[in-house]
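Notes follow once the structure below has been shown.
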Amino acid sequence: MSEQTVAEVTDKIYASIQSDNSDIDLHIADLKQALAREGAKEAVFDPAKLAHNNRSGRKLMQAYFRQRGVTVKFSA
5 MSEQTVAEVT
15 DKIYASIQSD
25 NSDIDLHIAD
35 LKQALAREGA
45 KEAVFDPAKL
55 AHNNRSGRKL
65 MQAYFRQRGV
75 TVKFSA
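Take the sequence shown: its letter number 44 is residue 48 in this note's numbering, and every next letter is one higher.
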């Protein structure tokens, strides 16, 4: 299996969020590896693509990802 890019894994995370968080932990682990390969410090997500695009939903997502070792930021 080829190594995935951050963009590819991010798209999988959006799909997972829309599918009631199916396999989200697996995708977060893949994202962590992709970030390390690309030398990035944080993942950037588009809040418009989130199921709960409000402050509490974004903060919950940040906290969940942070517990798994991934820093999340949101695009403007």
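Don't be surprised by glycine CBs; every beta carbon is placed ideally from N, CA and C.
Pull up the DSSP beta-bridge partners for residue i, would you.
i: Val-48; result: Lys-77
Rounded to whole angstroms, what's the CA-CA distance from residue i to residue j? Just pull it up for me.
i: Lys-45; j: Ile-32; result: 14 Å
i: Ser-60; j: Glu-7; result: 33 Å
i: Leu-54; j: Gln-22; result: 8 Å
Enumerate in chain order the residues of its own chain whose CB-to-CB distance from residue i is below 6 Å, with the five nearest sequence positions on each side excluded.
i: Asn-57; result: Pro-51
Sorted by chain position, which residues of the same chain lie with C-beta nearer than 8 Å to residue i's C-beta, five sequence neighbours on each side aside?
i: Phe-78; result: Val-48, Phe-49, Asp-50, Pro-51, Arg-62
For residue i, collect the residues of the same chain with a Cβ closer than 7 Å to its Cβ; drop the 5 residues on either side in sequence, then sort them by chain order.
i: Ala-38; result: Gln-8, Thr-9, Val-10, Val-13
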